[in-house]
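K.L.:
Dropping the structure in here first, questions after.
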Amino acid sequence: MNMPEGVTPISHDIYRLHMWIFYICAVAGVITFSVIIYTLLKHRKSRGVEPAKFESNVWLEVAWTVVPLVILIGMVYPAAVVLLRMEDTSKSSVSVLVTGLQWKWRYDYLDDDIYFYSNLSTSEDQIAGLEPKGVNYLLEVDKPVVVPIHQKIRFLFTSQDVIHSWWLPELGIKVDAMPGYISEAWAYIEKPGIYRGQCTELCGMRHGYMPIVLEAKTQEDYALWVKNKGKDVSLPKDEALIEASNAPVVGDVIDFEDVSTVKQAGEAIYKVHCVACHKADGKGMPPVFPSFVGTSIVTGPPEEQIKILLLGVAGKAMQSYADQLSDEEIAAVITYERNAWGNNDKGKYGEYAGGIVTPEMVAEMRVKLGLK
Numbered sequence: 110m111n112m113p114e115g116v117t118p119i120s121h122d123i124y125r126l127h128m129w130i131f132y133i134c135a136v137a138g139v140i141t142f143s144v145i146i147y148t149l150l151k152h153r154k155s156r157g158v159e160p161a162k163f164e165s166n167v168w169l170e171v172a173w174t175v176v177p178l179v180i181l182i183g184m185v186y187p188a189a190v191v192l193l194r195m196e197d198t199s200k201s202s203v204s205v206l207v208t209g210l211q212w213k214w215r216y217d218y219l220d221d222d223i224y225f226y227s228n229l230s231t232s233e234d235q236i237a238g239l240e241p242k243g244v245n246y247l248l249e250v251d252k253p254v255v256v257p258i259h260q261k262i263r264f265l266f267t268s269q270d271v272i273h274s275w276w277l278p279e280l281g282i283k284v285d286a287m288p289g290y291i292s293e294a295w296a297y298i299e300k301p302g303i304y305r306g307q308c309t310e311l312c313g314m315r316h317g318y319m320p321i322v323l324e325a326k327t328q329e330d331y332a333l334w335v336k337n338k339g340k341d342v343s344l345p346k347d348e349a350l351i352e353a354s355n356a357p358v359v360g361d362v363i364d365f366e367d368v369s370t371v372k373q374a375g376e377a378i379y380k381v382h383c384v385a386c387h388k389a390d391g392k393g394m395p396p397v398f399p400s401f402v403g404t405s406i407v408t409g410p411p412e413e414q415i416k417i418l419l420l421g422v423a424g425k426a427m428q429s430y431a432d433q434l435s436d437e438e439i440a441a442v443i444t445y446e447r448n449a450w451g452n453n454d455k456g457k458y459g460e461y462a463g464g465i466v467t468p469e470m471v472a473e474m475r476v477k478l479g480l481k
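In this note's numbering, the protein residues as written are 110 to 481.
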């Protein structure tokens, strides 16, 4: 029914400005339409009223010039004050670079050696209507951006591909993330909590699946989070993702001698990073998103597939995963794709079908491509 008041000084200013403008418009509307309705009823032709005949009225001209001018000044001045405050990102304690890309967010903490990607964690089964929608359907991620309360936080926004928009209502922030350009905003959050938003710039097929989740911690908890390099993200995940994440993935040791273990880890990674475009059944949406079922991508030499994940595909939605996934994760997800959907049938697809791709193979390709 109305804007949220938010949890930052700027969001409070925006809310008060919104209500002030609303009251001015409401009063002006009531007066204007009351005069119009009264005039139409009182001076209609059916009452025998004759139209007045005059060419000008100085006082009327002055009135309809001065009154709107006063109203306009009453609206412009407080709006200008708020806009100037919104632009003042000086004296910030924490700086976070927010990069939009199809269809996720990357957060770089410029004062600390921390960066990560934030992906939608709502399961594909919920999206497909195969299971009930969660409480935070399409507004949940695997890693939220974490910031402290009672400190000024500077956000810088850019994009890796197309225009996105970072919108968090409770913070009073809605800023476009544009490729080749840096925009800024700031926040001073008053209380701990989890705040949710979305991308609000139409950015492609999965635009509606690009949520923003921010977790505001106390300064003590935030300091501990930074000390641990962002390892203690406490936001609960979707149950289906937790189940898939039981496989050894980030930070765990994957036994690359056991194809079933590698497949299990690779499937969890596939569900987070690949399923949106290439689908759970691997059939994709050709020609934009190619199929992984029996195609040369997953049945040919593995080096070519490693190269695609590391470099991406120019001019396509396929982005580079060189800095998004570790060597172990890339090896695991490729192994999964090469052994799923019948792709491991050597009799049908030849000597390269199936098999295990190792982290050493990925590391070697990084060196060849000059990425390491």
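C-beta: ideal position from N, C-alpha, C; glycine also.
Assess, as a yes-or-no matter, whether the region 447-459 is touched by the region 393-410 under the definition of 3 or more beta carbon pairs within less than 8 Å.
P.N.:
Result yes; three or more Cβ-Cβ pairs closer than 8 Å.
K.L.:
Could you say which of GLN235, ILE415, ILE262 lies nearest to ASP220 if we only look at CA atoms?
P.N.:
The count along the sequence shown starts at 1 and reaches residue 220 at position 111. For the residues GLN235, ILE415, ILE262, the minimum Cα distance to ASP220 belongs to ILE262.
K.L.:
Can you check whether the CB of GLN433 is closer than 9 Å to the CB of ASP270?
P.N.:
Locating residue 270 in the sequence shown gives position 161, counting from the first residue. Locating residue 433 in the sequence shown gives position 324, counting from the first residue. Their beta carbons are not under 9 Å apart, which means ASP270 does not touch GLN433 by this criterion.
K.L.:
With a threshold of 16 other CB atoms inside 10 Å of the CB of ASN355, please say whether the residue is buried or exposed.
P.N.:
Looking up residue 355 in the sequence shown gives position 246. Legend: pLDDT at ASN355 = 42, less than 50; position of this residue unreliable, no value from coordinates given.
K.L.:
Are the beta-carbon atoms belonging to ALA374 and TYR445 less than 9 Å from one another?
P.N.:
One-based indexing of the sequence shown puts residue 374 at position 265. One-based indexing of the sequence shown puts residue 445 at position 336. In contact: ALA374 and TYR445 (Cβ atoms closer than 9 Å).
K.L.:
Around the Cβ of GLU159, are there at least 16 other Cβ atoms within 10 angstroms (buried) or fewer (exposed)?
P.N.:
The residue you call residue 159 lines up with position 50 of the sequence shown. That one is exposed.
K.L.:
Is the beta carbon of ARG305 closer than 9 Å to that of LEU333?
P.N.:
As a first step, residue 333 must be located in the sequence shown, where it is residue number 224. As a first step, residue 305 must be located in the sequence shown, where it is residue number 196. No; because the gap between Cβ atoms is not below 9 Å, this pair is not in contact.
K.L.:
Enumerate in chain order the residues of its own chain whose CB-to-CB distance from ALA389 is below 7 Å, with the five nearest sequence positions on each side excluded.
P.N.:
Indexing the sequence shown from 1 puts residue 389 at position 280. Correct list, in chain order: GLU233.
K.L.:
With ILE282 and ALA294 assumed to form a contact (beta carbons below 8 Å), what rounded beta-carbon distance in angstroms separates them?
P.N.:
Residue 282 sits at position 173 when you count from the first residue of the sequence shown. Residue 294 sits at position 185 when you count from the first residue of the sequence shown. With a Cβ gap of about 5 Å, ILE282 and ALA294 count as contacting.
K.L.:
Using 8 Å as the cut-off, can you tell me whether the region 411-418 makes contact with the region 473-480, which would need three or more C-beta pairs spanning the two stretches below that distance?
P.N.:
With a cut-off of 8 Å, the region 473-480 and the region 411-418 count as touching, because enough Cβ pairs lie within range.
K.L.:
So is GLU460 buried or exposed if we call it buried at 16+ other beta carbons inside 10 Å?
P.N.:
Taking the first residue of the sequence shown as position 1, residue 460 is located at position 351. Exposed: under 16 other Cβ atoms inside 10 Å.
K.L.:
Who are the Cβ neighbours of MET470 in its own chain at under 8 Å, not counting the five residues just before and after it?
P.N.:
Within the sequence shown, the letter at position 361 stands for residue 470. Counting only Cβ-Cβ distances below 8 Å, and skipping sequence neighbours, we find PRO411, GLU412, ILE415, ALA440.
K.L.:
Candidates GLY424, SER120, GLY209, GLY391: which alpha carbon is nearest ARG447's?
P.N.:
Your numbering for residue 447 matches position 338 in the sequence shown. When each option's Cα is compared against that of ARG447, the closest is GLY391.
K.L.:
Alpha carbon to alpha carbon, what distance is there between LEU280 and PRO118?
P.N.:
Translated into the one-based positions of the sequence shown, residue 118 becomes position 9. Translated into the one-based positions of the sequence shown, residue 280 becomes position 171. Taking the straight line from one Cα to the other gives about 9 Å.
K.L.:
If we call anything under 9 Å between Cβ atoms a contact, is SER274 one with GLU249?
P.N.:
As a first step, residue 274 must be located in the sequence shown, where it is residue number 165. As a first step, residue 249 must be located in the sequence shown, where it is residue number 140. No, Cβ-Cβ distance for SER274 and GLU249 is not below 9 Å.
K.L.:
Once DSSP output is grouped into helix, strand and coil, what is the label at TRP212?
P.N.:
Counting from one through the sequence shown, the residue named residue 212 turns up at place 103. Reduced to three states, the DSSP call for TRP212 is coil.
K.L.:
Rounded to whole angstroms, what is the Cα-Cα separation between VAL175 and PRO278?
P.N.:
Counting from one through the sequence shown, the residue named residue 175 turns up at place 66. Counting from one through the sequence shown, the residue named residue 278 turns up at place 169. Cα to Cα, VAL175 sits roughly 36 Å from PRO278.
K.L.:
Looking at VAL442 and CYS383, is the spacing between their C-beta atoms short of 9 Å?
P.N.:
For the purposes of this step, residue 383 is taken as residue 274 along the sequence shown, with counting starting at 1. For the purposes of this step, residue 442 is taken as residue 333 along the sequence shown, with counting starting at 1. Yes, they are a contact pair.
K.L.:
Please report the residue range of the alpha helix (DSSP H) in which GLN307 lies.
P.N.:
Here residue 307 corresponds to residue number 198 of the sequence shown, with the count starting at 1. Element bounds for GLN307: not the alpha helix (DSSP H) but the beta strand (DSSP E), 302-308.
K.L.:
Is the beta carbon of ILE223 less than 9 Å from the beta carbon of GLY339?
P.N.:
One-based indexing of the sequence shown puts residue 223 at position 114. One-based indexing of the sequence shown puts residue 339 at position 230. Yes.
K.L.:
Express the C-alpha separation of MET110 and PHE365 in angstroms, rounding to a whole number.
P.N.:
Along the sequence shown, one-based indexing puts residue 365 at 256. Along the sequence shown, one-based indexing puts residue 110 at 1. Going by the C-alpha atoms only, they are around 55 Å apart.
K.L.:
Per DSSP, what are the beta-bridge partners of GLU324 in this structure?
P.N.:
Working through the sequence shown from its first residue, we reach residue 324 at position 215. The partner list for GLU324 (beta bridge, DSSP) reads VAL255, ILE303.
K.L.:
Is the beta carbon of TYR226 closer than 9 Å to that of TYR218?
P.N.:
In the sequence shown, counting from the first residue as 1, residue 218 sits at position 109. In the sequence shown, counting from the first residue as 1, residue 226 sits at position 117. Cβ distance not < 9 Å, so TYR218 and TYR226 don't count as in contact.
K.L.:
Give, in chain order, every unbroken run of the beta strand (DSSP E) that is at least 3 residues long and sits entirely within the region 234-292.
P.N.:
Those beta strand (DSSP E) runs which fall completely within the region 234-292 and span 3+ residues are 254-257, 261-268, 273-277, 282-286.
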